[in-house]
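Structure, as structure tokens:
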Amino acid sequence: MKPVRLLIVDDHEVVRVGLRTLLGKFQSIEVVGEAGTAAAAIAETKRLSPDVVLLGIRHPDGNGFDACRQLQEMATDTRVLILTSFADDDVVS
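Residues in the sequence shown are numbered consecutively from 57, following our numbering.
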């Protein structure tokens with residue numbers, strides 16, 4: 057079975073590095089790239105065609121929800137998982 061190709065998108069580099077380090081330990085996951093903005097997420101998804109985009113909610117150039125909508129329209133075979141550390145339900149609703 058081939059590994060799941062994953063793109064990590066978060067505005068904090070330390071979060072991206074931590075996720076890459078953690079998830080890179082699994083043979084079933086191949087981290088193919090990282091992005092720190094919504095625009096970079098879209099560009100990297102076009103370039104890399106990942107199976108999954110792990111997408112943070114806040115970005116300096118927009119929010120993850122808008123980026124998710126664009127990714128779903130653009131890359132219909134790519135799945136998007138929203139990543140957040142916010143405990144406030146109002147942020148994610």
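Here a beta-carbon is modelled for each residue, glycine too, at the ideal position from N, C-alpha and C.
Everything numeric in this text was worked out from a predicted model, so none of it was measured.
Check                                                                                                        : Outcome
Cβ neighbours of I64 in the same chain (closer than 7 Å, five flanking residues each side left out)          : R72, L75, R76, V87, E90, L110
P106 classed as buried or exposed, judged by whether at least 16 other C-beta atoms fall within 10 angstroms : buried
Limits of the unbroken alpha helix (DSSP H) element including I98                                            : 94–104
Residue range of the unbroken alpha helix (DSSP H) whose run includes A123                                   : 120–130
Own chain, CB closer than 7 Å to S84, minus 5 neighbours either side, in chain order                         : P59, V60
R114 - partner residues in DSSP beta bridges                                                                 : N119
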